[in-house]
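Trainee: Going letter by letter, the sequence shown gives residues 32 to 332 in my numbering.
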Amino acid sequence: MADKLYTRRDVVKVISFSLLAGSGLLGSSCVNKEATEEFLQRHYLEMTEDEKKRVVKRLEERYRKDYGVKFNISTEAAKKGTLWGYGLDLSRCIGCRRCVYACVRENNNSRHDPQVHLIRVLRLKKGNLINLEHSEHYYNPEHVPEEGFIYMPVQCQHCENPPCVKVCPVKATWKEPDGLVVVDYNWCIGCRYCMAACPYKGRVFNWAEPKIPKEEINGEVHYLGNRPRMKNVVEKCTFCIQRVRSGRYPACVEACPTGTRKFGNLLDQESEIRYLIENKRVFRLKEDLNTEPKFYYFFSL
32 MADKLYTRRD
42 VVKVISFSLL
52 AGSGLLGSSC
62 VNKEATEEFL
72 QRHYLEMTED
82 EKKRVVKRLE
92 ERYRKDYGVK
102 FNISTEAAKK
112 GTLWGYGLDL
122 SRCIGCRRCV
132 YACVRENNNS
142 RHDPQVHLIR
152 VLRLKKGNLI
162 NLEHSEHYYN
172 PEHVPEEGFI
182 YMPVQCQHCE
192 NPPCVKVCPV
202 KATWKEPDGL
212 VVVDYNWCIG
222 CRYCMAACPY
232 KGRVFNWAEP
242 KIPKEEINGE
252 VHYLGNRPRM
262 KNVVEKCTFC
272 IQRVRSGRYP
282 ACVEACPTGT
292 RKFGNLLDQE
302 SEIRYLIENK
312 RVFRLKEDLN
322 TEPKFYYFFS
332 L
C-alpha cells in the first residue's frame, strides 16, 4: 500500500470518515454499516466484479425499501466492436415531445419539484436553423406541427472529445469503450463544472430528492444509467445504456411516431446510422468546437 498514489478525493474521504468516527456518529443508529461501506466505496472503474455485485445488492435492497418496487441493477459492460451513434431527421420531427415523455418514464426522472427532462425540443422559425439563440424551449400549441416552424431535439451528444469529462475534479464522469459518456452518481460531488463545460446544455442538476410515482417506476436499470438518482448530483442522457447494451433501442427512438430518430453501431458498415451519415445531408451541432459529437442531424426530405 505504501506505493499507492492517493487522489485529493481519497484524502478528503479519509479525513471526513475520521471526523465522523471521532464524533461517535459512525457508532450511532443514524449511520450504520451500509452507510459506512457506501462512504468508503471505491470508484466504479476500480471495482472488482465481486465488489460491484456487493454494491448492486446493497442498492437493490435500498431501492426496494424506498420505492416498494423490485429493482434489477445491471452492470453490463460495453461490447467489443460497438461505438454507438445517433441520427435525427429534422425534416420529419413534428415537435410532439413524445421522446421527452418516453425518456422520463424509462429513466426514472423526477416528475415534479423538480421536473427533470434530459431531452429538450427547440422550436425555430423555418429558415432560422443556424440562429439557435432565437429558439423556444417552451411552446404549447393546440396542434403540432405548426406551420412555419421546425423542431430540433437536443440532448447529450456523447462526444468523442467530451469537455465535461475533462473538467470533472473527481473523475465521476467518463467515456466508455462503446462511446457512451456516463456518470457514477455515487462519486458525483455536485460541483456542476461539467454543466458549465457542456456546450449543448446536455446535463441537469438534481436539486431535490426525485419524485416518481410508484406505479411509474422502471425497475430494470443500469448502475451507470437509469437507477434512481439522489439529490445534489448531475444526471444526463445515456442513450438508455440499460437498453442498448441488451440489444434494444433507446426509449426515445421507439416512442417517435414519425421515424425521426435513428440509432446504431457506427462501426457496422451495414448499419442504418452509417448509411445515413454517408448518404444524407448531415451536420453536427457546434462542430467547430472539436467535441466530435456522435449525434448527427440530417434531412431526408
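We treat Cβ as the ideally placed atom computed from N, Cα and C, and that holds for glycine.
These numbers come from a predicted model, not from an experiment.
(1) Are the Cβ atoms of L121 and Y328 separated by less than 7 Å?
(2) Hey, how far is the Cα of V196 from the Cα of P281?
(3) Name, in chain order, the residues that DSSP records as bridge partners for V152.
(4) If you pair each beta-carbon of the region 88-104 with each one of the region 240-259, do three or more pairs fall below 8 Å?
(5) Please name the residue or residues paired with N296 in a DSSP beta bridge.
(6) Can you confirm whether the region 186-200 touches the region 253-263 when touching is taken to mean that 3 or more C-beta pairs between the two stretches lie within less than 8 Å?
(7) Which residues in the same chain as C124 place their Cβ atom closer than 6 Å to its Cβ, once the five residues preceding and following it in sequence are excluded?
(8) Quick check: the Cα distance between C222 and E80, rounded to an integer number of angstroms?
(9) To which residues of the same chain is Y37 closer than 6 Å at the C-beta, ignoring the five residues directly before and after it?
(10) Is K267 helix, strand or coil when you go by DSSP?
(11) Can you find the residues in the same chain that come closer than 7 Å, C-beta to C-beta, to K242, ignoring five residues on each side of it along the sequence?
(12) Would K111 be called buried (16 or more neighbouring beta carbons within 10 Å of its own) or exposed?
(13) Once DSSP output is grouped into helix, strand and coil, what is the label at E323?
(14) Rounded to a whole number of angstroms, what is the C-alpha to C-alpha distance between N310 and L160?
(15) Taking S331 as the reference, which of E68, L119, K83 and K84 has the closest Cα?
(16) Exposed or buried, which one is E137 when buried takes at least 16 other CB atoms within 10 Å?
(17) Among M78, D97 and F180, which has the Cα closest to the Cα of E167?
(18) Taking DSSP as the reference, what is the three-state secondary structure of G55?
(19) In chain order, which continuous runs of the beta strand (DSSP E) of length 3 or greater are located wholly inside the region 188-213?
(20) Could you name the residues of the same chain whose beta carbon sits closer than 6 Å to that of Y117, not counting the 5 residues immediately before and after it, in chain order?
(21) Just list the residues that DSSP pairs E251 with in beta bridges.
(22) Could you check how far apart the C-beta atoms of A286 and P208 are, in whole angstroms? I think they sit under 8 Å.
(23) Would you kindly check if the distance between the Cβ of V198 and the Cβ of Y216 is under 7 Å?
(24) Quick one: Cα of E266 to Cα of H148, how far?
(25) Taking the alpha carbon of L114 as the point to measure from, which residue in D319, D299, Y306 and K232 has its own alpha carbon closest?
(26) Less than 7 Å between C-beta atoms, sequence neighbours within five positions excluded: which residues of the same chain meet that for V275?
(27) With DSSP collapsed to three states, give me the class of D97.
(28) Let me confirm a value: H227 is counted as buried when at least 16 other C-beta atoms fall within 10 Å, else exposed. Which label applies?
(29) Just confirm the distance between the C-beta atoms of K206 and V212, as a whole number of angstroms; I'd bet it's less than 8 Å.
Mentor: If we stick to the structure as given:
(1) Within the sequence shown, residue 121 is the residue found at index 90, counting from 1. Within the sequence shown, residue 328 is the residue found at index 297, counting from 1. Yes, they are a contact pair.
(2) Taking the sequence shown and counting its residues from 1, one reaches residue 196 at position 165. Taking the sequence shown and counting its residues from 1, one reaches residue 281 at position 250. Near 23 Å, if we compare the C-alpha coordinates of P281 and V196.
(3) For this step, residue 152 is matched to residue 121 along the sequence shown. Per DSSP, P184.
(4) yes
(5) Counting from 1 along the sequence shown, the entry for residue 296 is found at position 265. Per DSSP, the beta bridge partners of N296 are W115.
(6) no
(7) Here residue 124 is taken as the residue at index 93 of the sequence shown, counted from 1. Correct list, in chain order: Y182 and T291.
(8) Here residue 222 refers to the residue found at position 191 of the sequence shown. Here residue 80 refers to the residue found at position 49 of the sequence shown. So the alpha carbons of these two residues sit roughly 29 Å apart.
(9) Position 6 of the sequence shown holds residue 37. Confidence at Y37 is low in this model, with a pLDDT of 49, below 50, so its placement is unreliable and the value that follows should be read with caution. Contacts found: none.
(10) Here residue 267 corresponds to residue number 236 of the sequence shown, with the count starting at 1. If DSSP states are grouped into helix, strand and coil, K267 belongs with the strands.
(11) If you number the sequence shown from 1, residue 242 lands on position 211. Closer than 7 Å at Cβ, skipping near neighbours: S141, R142, H143 and D144.
(12) One-based indexing of the sequence shown puts residue 111 at position 80. Under this definition K111 is an exposed residue.
(13) Position 292 of the sequence shown, counted from the first residue, corresponds to residue 323. Correct three-state label for E323: coil.
(14) The residue given as residue 310 occupies position 279 in the sequence shown. The residue given as residue 160 occupies position 129 in the sequence shown. Between N310 and L160, the C-alpha separation is close to 21 Å.
(15) To locate residue 331, count along the sequence shown from 1; it is residue 300. Among E68, L119, K83 and K84, the Cα nearest to that of S331 is on L119.
(16) The sequence position of residue 137 within the sequence shown is 106, counting from 1. Per the 10 Å Cβ criterion, buried.
(17) Taking the sequence shown and counting its residues from 1, one reaches residue 167 at position 136. Distances from the CA of E167 to each of M78, D97 and F180 were compared; the closest alpha carbon is that of F180.
(18) As a first step, residue 55 must be located in the sequence shown, where it is residue number 24. Model confidence at G55 stands at a pLDDT of 49, short of 50, so the residue's coordinates are unreliable; what they give is reported in the following sentence. In the three-state reduction of the DSSP assignment, G55 falls in the coil class.
(19) 204-206
(20) Taking the first residue of the sequence shown as position 1, residue 117 is located at position 86. Excluding residues within five positions, the ones whose Cβ falls inside 6 Å are F294 and F326.
(21) For the purposes of this step, residue 251 is taken as the residue at position 220 of the sequence shown. In DSSP, E251 forms a bridge with N103.
(22) Here the question's residue 286 lines up with position 255 in the sequence shown. Here the question's residue 208 lines up with position 177 in the sequence shown. Taking C-beta atoms under 8 Å as the contact rule, A286 and P208 fail to qualify, at a distance of about 28 Å.
(23) Against the sequence shown, residue 216 aligns to sequence position 185. Against the sequence shown, residue 198 aligns to sequence position 167. No. Outside cutoff.
(24) Here residue 266 refers to the residue found at position 235 of the sequence shown. Here residue 148 refers to the residue found at position 117 of the sequence shown. Each residue's alpha carbon lies about 10 Å from the other.
(25) Here the question's residue 114 lines up with position 83 in the sequence shown. Ranked by Cα distance from L114, the first of D319, D299, Y306 and K232 is D299.
(26) Translated into positions along the sequence shown, residue 275 becomes position 244. Cβ within range, chain order: W115 and P281.
(27) Translated into the one-based positions of the sequence shown, residue 97 becomes position 66. Note: D97 maps to helix in three-state DSSP.
(28) Stepping through the sequence shown from its first residue, residue 227 is reached at position 196. The displayed chain sequence assigns Ala, not His, to residue 227. By the neighbour-count rule (16 or more Cβ atoms within 10 Å), A227 is not buried but exposed.
(29) Taking the first residue of the sequence shown as position 1, residue 206 is located at position 175. Taking the first residue of the sequence shown as position 1, residue 212 is located at position 181. Between V212 and K206 the Cβ distance is about 5 Å, and since that is below 8 Å, they are a contact.
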